[in-house]
Amino acid sequence: MIRKSSIHIEKANIGEFYHNSREKDTNNSIFSKDDNYCNIKANEAMELYFNELKKRTELYQRRTGKKLHKKTITLFSAIINLNEKHTKEDLEKVVRFIEKRYNTKVIQYSIHKDEGHIDENENPIINYHAHILFMGIDNEGVSVRRKMDRKDLITLQDEIAKLLNMPRGINYTQEKKKRPKRLNTYEYKRAMKIKNDEVLKLKKELEKEKNLRKQTEEENKKLKKDLLLKDAEIRKLELTKKGLEKRIQKLRNQMKDYNKLQEENKQYKIFTKEDYQTLSQIKKLLKVSSLKDINHMLNEFENSIKEKIQKRQLKLIEKHSTETGILNKEKVVKTDTAKTIIKSTTSPTKDYGKEFIEAVFRVKQLQKELKEEKEKNKSLKEQIKELEDENAKLKIERGYEEIENEPESIGNQPSNKNKSNTKIKKTNQFNIKQDKF
0 MIRKSSIHIE KANIGEFYHN SREKDTNNSI FSKDDNYCNI KANEAMELYF NELKKRTELY
60 QRRTGKKLHK KTITLFSAII NLNEKHTKED LEKVVRFIEK RYNTKVIQYS IHKDEGHIDE
120 NENPIINYHA HILFMGIDNE GVSVRRKMDR KDLITLQDEI AKLLNMPRGI NYTQEKKKRP
180 KRLNTYEYKR AMKIKNDEVL KLKKELEKEK NLRKQTEEEN KKLKKDLLLK DAEIRKLELT
240 KKGLEKRIQK LRNQMKDYNK LQEENKQYKI FTKEDYQTLS QIKKLLKVSS LKDINHMLNE
300 FENSIKEKIQ KRQLKLIEKH STETGILNKE KVVKTDTAKT IIKSTTSPTK DYGKEFIEAV
360 FRVKQLQKEL KEEKEKNKSL KEQIKELEDE NAKLKIERGY EEIENEPESI GNQPSNKNKS
420 NTKIKKTNQF NIKQDKF
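For the sequence shown, counting from 1, position 330 maps to 329 in the working numbering; every step adds exactly one.
If you want it as structure tokens, here you go:
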């Protein structure tokens, strides 16, 4: 957070010489004093102050012809905000400025870096500031207080901000805001003590509440764990029994679904009335037998129906393979692959309901492929028959053409009888050829 410039001037007392030099313990100092700075010790400052006071009092009396009034402020304290980068050279600029502005003498000036507080997160917040103690009567015996009107103090804030190269604090007059009451050193000290005591008290109460809450949470956690364990023991049997009942019902539904698929494919049902009765009997035994025994019975029953499915599927594939006459290597490979699929999908380690239904659909798909192959073979046979008939027809027509085009000798023309015999003979020859086709 950027610190803003501020200077506050108030009446001082000689005890502040000791506060500024840290020659006496102060509760305000909570951090290391090693980085503090003070131009002179308290005794030297007091001696210088009284010497200057004597001279300036005489000047005042000589100028006014009167004694110094009891309420006249003879020592002022200027408290100035700093940041962590400011040095004594920066402060000396302010000292010279004040001496010149008010025509007075600075007695003591110091920099404090040991005051501040610890925030709620245990972080140190250092209040970097400086003290300047200067004479309340100027070099001509005039009260400095008379020079410090509202306008002077406003411009003083501006000048100090420039000297220290800091952003100026709030100008309450310009912004028409109510100026907050400023606490002096001792008031601030008391206020901070009260605040710190309250914070410490609240921290202790908070820590106590945290410990109590932690203890309560641990007790609740332990009780909850015990309750869950007991509840788990009670529910274990119930849930296991219900789980077996659901498993029985699932098997029944899967058997019905498989039989339904068989009907759609015009196949006889694989699961009989006896199978359903066996499953019902196992369900009845839930009331009298141990859950472990029931689980074993279900495993045995499930394996038996899987075996039935596997046998049925292999039988269907072999049947269709024989009917379609698939003898080439490619089709044999397909059949072997299909058998492998069925064996893998009916493995006892697979999920029964999902796997055997998928296997049924794969068999159905294979049946469709085999049927298509059969139709193709039938079509090919019909085409071959048509080609054979067409070939026979063409040969007969060619025979007639040969008879008609046979050459005859003019000098050796056969008799009508011989011609007739020759034609009959030729005709019989072609009839024989036709029979061969």
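Quick reminder that beta carbons are idealized off the backbone N, C-alpha and C, glycines included.
Treat the numbers as computed from the prediction; the structure is a model and nothing was measured.
- In the displayed model, Tyr257 falls within a helix according to three-state DSSP.
- Proximity to Tyr267 across Leu315, Leu199 and Ile153 peaks at Leu315, based on C-alpha coordinates.
- By the Cβ-count criterion, Lys161 is exposed, with fewer than 16 other Cβ atoms from all chains shown falling within 10 Å of its own Cβ.
- Leu74 has Met134 as its beta-bridge partners, per DSSP.
- Leaving aside the five residues that flank Leu47 on each side, the residues in its chain whose CB is nearer than 6 Å to its CB run, in chain order, Ile106.
- Scanning the region 81 to 113 from its first residue to its last, the whole beta strand (DSSP E) runs of 3-plus residues come out as 105 to 111.
- Pairing Leu243 with Asn294 gives a Cβ-Cβ distance under 8 Å.
- Straight-line measurement puts the Cα of Val93 at about 10 Å from the Cα of Lys87.
- Going by DSSP, Ile124 is part of the beta strand (DSSP E) stretching over Pro123 to Ile125.
- C-alpha of Thr56 to C-alpha of Asn82: approximately 37 Å in a straight line.
- Bounds of the beta strand (DSSP E) holding Ile8 are Ile6 to Lys10.
- Asn42 has its alpha-carbon roughly 10 Å from the corresponding atom of Glu22.
- Closest in alpha carbon position to Lys40, among Tyr17, Lys54, Arg61 and Tyr59, is Tyr17.
- The C-alpha of His111 is placed about 19 Å away from the C-alpha of Asn164.
- DSSP places Arg21 in the coil class of the three-state scheme, outside both helix and strand.
- Here the alpha carbons of Lys200 and Thr215 stand approximately 22 Å from one another.
- The beta carbons of Gly135 and Thr71 sit closer together than 8 Å.
- A contact between stretches requires three or more CB pairs, one per stretch, nearer than 8 Å, and the region 108 to 128 meets this requirement with the region 28 to 40.
- Taking a C-beta distance under 8 Å as the contact criterion, Asn195 and His128 do not qualify as a contact pair.
- The secondary-structure analysis by DSSP pairs Gly115 across a beta bridge with Ile125.
- Contact between Asn102 and Asn138 holds, with the beta-carbon distance rounding to 5 Å and staying under 8 Å.
- Between Lys104 and Phe133, the C-beta spacing is below 8 Å.
- Looking from the CA of Lys202, the closest CA among Lys241, Leu222, Glu273 and Ile117 belongs to Ile117.
- Judged by DSSP in its simplified three-state form, Ile29 adopts coil rather than helix or strand.
- In the three-state reduction of the DSSP assignment, Arg311 falls in the helix class.
- According to DSSP, Arg167 shares a beta bridge with Ser4.
- Taking C-beta atoms under 8 Å as the contact rule, Glu158 and Phe96 qualify, at a distance of about 7 Å.
- Boundaries of the alpha helix (DSSP H) harbouring Ser279: Lys272 to Lys283, taken from the DSSP string.
- For Glu204 and Asp148, the gap between their C-alpha atoms comes out near 49 Å.
- Under the 10 Å beta carbon count, His85 is surrounded by 16 or more other beta carbons and is classified as buried.
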